[in-house]
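Okay, structure first, notes after.
Below, the structure written as structure tokens:
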């Protein structure tokens, strides 16, 4: 069975500080993709970053980086220099190869950036 | 059109009525998906289609049907709506290469209330 766990229902961070949002996953498939999405209060789902299970380096996209620890099955999202506009729900998702391109989502973390 | 569009934006529906949620993408993506998002449960896959003419069941398919007559359109039908189908519905697509671990891009969502 595929499973994604986000254990932090809510997080607070001071503006300009860095924050780490946790994500662990469980799959028996050796090949998979890991994704993070942002959902602001307006409701749309915005793709942030992707990490492949065979990628040697952690993915980075601007202020977003993915701390990928394969042995621990974790794929934490790090947001550096938080901005007020980063306040949103953040979802981690996994796509194992043997399921085609089906995504499995975590329950999300609500991030609030404090001025 | 740019990306994925969904219609209607929101709908109030009487229980027992039939409803079709529309989804259209102009990115020529092969694969399309329908998710429902419920508070505390994240996004759950209802149905998917890896290519025109094919469909498959996701995690929560009961009470829903889909069709994929062409590449661009992927309608979701509730044959006889029930209150437990009150949710926010997201359509997504991935591609253009049919394969695995492709990033999924989401439509703006449809908010459905079944009374």
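Residue numbers (this note's numbering), protein chains in the order written: chain A, 110 to 224; chain B, -7 to 107. Beta carbons: idealized from backbone N, C-alpha and C, even for Gly.
Which residues in the same chain have their Cβ closer than 6 Å to the Cβ of residue i, if we skip the five residues on either side of it in sequence?
i                      : result
residue 221 of chain A : 121, 196
residue 140 of chain A : 162, 206
residue 136 of chain A : 111, 205
residue 125 of chain A : 190
residue 23 of chain B  : 42, 86, 87
residue 144 of chain A : 159, 202
With DSSP run on the structure shown, which of helix, strand or coil describes residue i?
i                      : result
residue -2 of chain B  : strand
residue 114 of chain A : strand
residue 139 of chain A : coil
residue 101 of chain B : coil
residue 16 of chain B  : strand
residue 167 of chain A : coil
residue 205 of chain A : strand
residue 87 of chain B  : coil
residue 76 of chain B  : helix
residue 34 of chain B  : strand
residue 107 of chain B : coil
residue 194 of chain A : helix
residue 63 of chain B  : coil
residue 176 of chain A : strand
residue 129 of chain A : strand
residue 21 of chain B  : coil
residue 219 of chain A : strand
residue 28 of chain B  : strand
Kindly indicate which residue of the options has the alpha-carbon position closest to the one of residue i.
i                      : options                    : result
residue 115 of chain A : A/224, A/216, A/223        : A/216
residue 178 of chain A : A/126, A/118, A/133        : A/133
residue 97 of chain B  : B/21, B/53, B/13, B/74     : B/21
residue 168 of chain A : A/181, A/185, A/147, A/117 : A/185
residue 128 of chain A : A/212, A/211, A/213, A/199 : A/199
residue 49 of chain B  : A/211, A/117, A/118        : A/211
residue 192 of chain A : A/113, A/181, A/182, A/173 : A/173
residue 51 of chain B  : B/10, B/-3, B/26           : B/26
residue 76 of chain B  : B/60, B/31, B/-3           : B/31
residue 160 of chain A : A/203, A/214, A/118, A/208 : A/203
residue 45 of chain B  : B/69, B/-5, B/101, B/65    : B/65
residue 131 of chain A : A/219, A/152, A/183        : A/183
Quick one: what's got a C-beta closer than 7 Å to residue i's C-beta in the same chain, skipping five residues either side?
i                     : result
residue 4 of chain B  : 105, 107
residue 6 of chain B  : 107
residue 29 of chain B : 35, 79, 80, 82
residue 73 of chain B : 5, 7, 8, 9, 11, 106
Can you pull the chain B neighbours of residue i, defined as C-beta to C-beta under 9 Å?
i                      : result
residue 120 of chain A : Per Cβ cutoff of 9 Å: no residues; residue 120 of chain A is ~16 Å from chain B at best.
residue 216 of chain A : 32, 33, 34
Please list the partners that residue i has in chain A, where partner means a Cβ-to-Cβ separation under 7 Å.
i                     : result
residue 86 of chain B : 210
residue 82 of chain B : 154
Excluding the 5 residues flanking residue i on each side, which residues of the same chain have their C-beta closer than 8 Å to its C-beta?
i                      : result
residue 223 of chain A : 121, 122, 123, 124
residue 154 of chain A : 146, 147, 148, 200
residue 37 of chain B  : 25, 26, 27, 50, 51, 52
residue 90 of chain B  : At residue 90 of chain B, the pLDDT of 47 sits below 50, so the modelled position is not reliable; the number obtained from the coordinates is stated separately. The answer, listed in chain order, is 22, 23, 42, 43.
Residues of chain A with a CB under 9 Å from the CB of residue i: which are they?
i                     : result
residue 97 of chain B : 154, 156
Give the interface partners of residue i over in chain A, defined as CB-CB distance under 8 Å, in chain order.
i                      : result
residue 100 of chain B : 152, 153
Residue i versus chain B: which residues are under 7 Å apart at the beta carbon?
i                      : result
residue 159 of chain A : 95
For residue i, go through chain B and note every residue whose CB falls closer than 8 Å to its CB, in chain order.
i                      : result
residue 144 of chain A : 95, 96
Interfacial residues, the stretch 4 to 27 of chain B to chain A, with Cβ spacing under 7 Å:
23
If contact means a Cβ-Cβ distance below 9 Å, which residues of the stretch 37 to 61 of chain B contact chain A?
37, 40, 42, 48, 50, 51
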